[in-house]
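Enquirer:
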């Protein structure tokens, strides 16, 4: 077992901070580097889309299920996509059983907003009949091992699940729901590919992708979601404050890093081939 | 509203050639893959793929008991939490634990307790978290099997391992290791687990109808299957240490 404590000793804390001052990380990374990322798609036979992501030692499994329901009155021709996060007590001694706590709600909300405001899920394609029947997609993220930065791992896992999704296409005939024999796939449902990037801040030092000890001593974090050339959502958390210049610098960083990562990951390779 | 594709069962559970729908013989197990030490944060952990079932188990303990009033002054306690992911089944499961999950958690706790030396750990708890990511029949048996592996991986003193399997009857024939469809459309289902130190049954349920002769047959077939599963468990435990040995000696 790794030695996991809620509180990091001052010796370890000073060690991390002194390294950061030299622009070094305790795991050998540079300030703007991610840990190793692995992606597997379509791993859950029962789900309509799924992904297994590891980011360093952080591991998240995400699956998609759908239900058919009535649309919201103000969006009669649009389906709904909801995102949920479960921090399983299996994943860390820091997680407790029980209803979702602040950390899991934040993870789900930040990932959700990154996707919602990016023109990612084409909710109009999730309409079966206006005012009557639409798809409700449930994107549920399960944390299997927690070693820092759940938001970025969750963001990619939700996106890969959506890209690799395959949802039975329905039609409404005389009030009866029928299967057309075809599927709606990620290719139809997903347009933009939002990536969320989380930066940690300790004193005046800022770095990408905090690992667990870094996250535990962080004074604050900022998560920035970007598409190819737009910033779509920002979440600042923790008690640190960020200057305007820092925020501008980080937004630019997120856009630049996003371009490279998008190219590197080539996320469309995870779509289902018809 | 209902889902677009309906969850329907076929009328016959055997193919023309006498094999089961997934191509197995009557007493053949589904493919089983086990691995230990998969969750780095846990004191012990294991992962199991059993047919389409995909299950993680993690053990934390001995540790302080929360809530405190559950602690026992003369012995440790074992708590098992069996949960299914929302996407592990055909109809999305509600995220909150249901009655079924609570019952299975209790059954597995009772099943594993006899192999532990809880009297050596007064005032503490061992917590076993079992999370089913994908389900296709027989998850309580698969969960028991993987939980025993995780306990062994955690180095918790045990009298022996525990293995579990379900046997049952489909279309009038007795078969081993029911799949999801066979479980729902079949006529009888008997999940059972064995504690190897005394070779007795530690988990036993039955749904269906049978006579005493059937019971004898069920338990005989279960024992054969359990022996095979036990061998796989031992292999999974050993292979972790073989990997470490090979790494530290730089290979063979």
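Protein chains in written order, with the numbering used here: chain A, 420 to 693; chain B, 1220 to 1471. Positions of the beta carbon are idealized from the N, C-alpha and C atoms, including for glycine.
1. According to DSSP, is residue 1468 of chain B part of a helix, a strand, or is it coil?
2. Roughly how many whole angstroms lie between the Cα atoms of residue 487 of chain A and residue 1225 of chain B?
3. Using the beta-carbon of each residue, which ones in chain A are nearer than 8 Å to residue 1308 of chain B?
4. So for residue 1413 of chain B, helix, strand or coil by DSSP?
5. For residue 509 of chain A and residue 1350 of chain B, which I take to be in contact (beta-carbon distance under 8 Å), what is that distance rounded to the nearest angstrom?
6. Does the beta carbon of residue 492 of chain A sit closer than 9 Å to a beta carbon anywhere in chain B?
7. Determine, using beta carbons only, whether residue 515 of chain A comes closer than 9 Å to chain B.
8. What separation, rounded to the nearest whole angstrom, lies between the Cα atoms of residue 421 of chain A and residue 635 of chain A?
9. Of all Cβ atoms in chain A, is any one closer than 9 Å to the Cβ of residue 1275 of chain B?
10. Within 10 angstroms of its Cβ, does residue 585 of chain A collect 16 or more other Cβ (buried), or is it exposed?
11. What residues in the stretch 591-608 of chain A bring their beta carbon closer than 7 Å to a beta carbon of chain B?
12. Roughly how many angstroms lie between the CA atoms of residue 428 of chain A and residue 436 of chain A, to the nearest whole one?
13. Take residue 1390 of chain B as the anchor and find which of B:1434, B:1371, B:1402 has the nearest alpha-carbon.
14. Relative to the C-alpha of residue 1354 of chain B, which candidate in B:1388, B:1432, B:1408, B:1275 has its C-alpha closest?
15. With a threshold of 8 Å, are at least 3 pairs of Cβ atoms found where one atom belongs to the stretch 1224-1244 of chain B and the other to the stretch 665-676 of chain A?
16. Any idea which residues DSSP pairs residue 555 of chain A with across the strands?
17. Name the DSSP bridge partner or partners of residue 1236 of chain B?
18. Is it buried or exposed, residue 1279 of chain B, if we count other Cβ atoms within 10 angstroms and call 16 or more buried?
19. On the criterion of 16 or more Cβ atoms from any shown chain inside 10 Å, does residue 1272 of chain B qualify as buried, or is it exposed?
20. What separation, rounded to the nearest whole angstrom, lies between the Cα atoms of residue 1441 of chain B and residue 1255 of chain B?
21. Using a Cβ cut-off of 8 Å, which residues of the stretch 1243-1262 of chain B contact any Cβ in chain A, in chain order?
22. Of all the CB atoms in chain B, is at least one closer than 9 Å to the CB of residue 526 of chain A?
23. What residue from B:1406, B:1399, B:1419 has the CA that sits closest to residue 1249 of chain B's CA?
24. Relative to the C-alpha of residue 466 of chain A, which residue among B:1309, B:1270, B:1259, B:1230 is closest?
25. So, residue 479 of chain A versus residue 578 of chain A, is the Cβ gap smaller than 9 Å?
26. Relative to the alpha-carbon of residue 440 of chain A, which residue among A:629, A:613, A:654, A:623 has its alpha-carbon at the smallest distance?
27. Helix, strand or coil, according to DSSP, for residue 480 of chain A in the structure here?
28. Can you confirm whether residue 1314 of chain B, when its beta carbon is compared against all beta carbons of chain A, has any partner nearer than 9 Å?
29. Could you check which residue in B:1396, B:1343, B:1421 has the C-alpha nearest to that of residue 1407 of chain B?
30. Note down, in chain order, every chain A residue with its Cβ under 7 Å from the Cβ of residue 1345 of chain B.
31. Taking only the alpha-carbon atoms, compute the straight-line gap between residue 1320 of chain B and residue 1312 of chain B and give it to the nearest angstrom.
32. For residue 575 of chain A and chain B, any beta-carbon pair shorter than 9 Å?
Expert: Working from what's here:
1. Look at residue 1468 of chain B here: in three-state DSSP terms it is coil, with no helix or strand label.
2. If I take the Cα positions, the gap works out to 13 Å.
3. Within 8 Å Cβ-Cβ: 465.
4. Strand.
5. In this structure residue 509 of chain A is in contact with residue 1350 of chain B, their Cβ atoms being roughly 5 Å apart against a cut-off of 8 Å.
6. No, no contact with chain B.
7. Residue 515 of chain A has a beta carbon lying within less than 9 Å of a beta carbon in chain B.
8. Residue confidence for residue 421 of chain A is low, a pLDDT of 48 falling below 50, so the modelled location carries little weight; the figure read from the coordinates is stated next. Take the alpha-carbon of residue 421 of chain A and the one of residue 635 of chain A: they are about 15 Å apart.
9. Taking Cβ atoms only, chain A reaches closer than 9 Å to residue 1275 of chain B, which makes this a yes.
10. By the neighbour-count rule (16 or more Cβ atoms within 10 Å), residue 585 of chain A is buried.
11. If the cut-off is 7 Å between Cβ atoms, the stretch 591-608 of chain A has 596, 598 near chain B.
12. The alpha-carbon of residue 428 of chain A is positioned some 12 Å away from that of residue 436 of chain A.
13. In this structure, B:1402 is the residue among B:1434, B:1371, B:1402 with its C-alpha nearest to the C-alpha of residue 1390 of chain B.
14. Closest option to residue 1354 of chain B, Cα to Cα, is B:1275.
15. Counting Cβ pairs under 8 Å, fewer than three are found: no touch.
16. Its beta-bridge partners are A:486, A:499.
17. In the DSSP output, where bridge partners are listed per residue, residue 1236 of chain B has none listed.
18. Buried, by the Cβ-count rule.
19. Result: buried.
20. The alpha-carbon atoms of residue 1441 of chain B and residue 1255 of chain B are separated by roughly 24 Å.
21. If you check each beta-carbon in the stretch 1243-1262 of chain B against every beta-carbon of chain A, the ones closer than 8 Å belong to 1258, 1259, 1260, 1261, 1262.
22. By this cut-off, residue 526 of chain A is not an interface position.
23. It is B:1399.
24. For residue 466 of chain A, the nearest C-alpha among the options comes from B:1309.
25. No, they are not a contact pair.
26. Of the candidates A:629, A:613, A:654, A:623, A:623 places its Cα closest to the Cα of residue 440 of chain A.
27. If DSSP states are grouped into helix, strand and coil, residue 480 of chain A belongs with the strands.
28. So, interface residue.
29. Ranked by how close their Cα comes to the Cα of residue 1407 of chain B, the residues B:1396, B:1343, B:1421 have B:1396 in first place.
30. Correct list: empty, because the minimum Cβ distance to chain A is about 13 Å.
31. Taking C-alpha positions only, residue 1320 of chain B is separated from residue 1312 of chain B by approximately 11 Å.
32. Cβ-Cβ to chain B under 9 Å: no for residue 575 of chain A.
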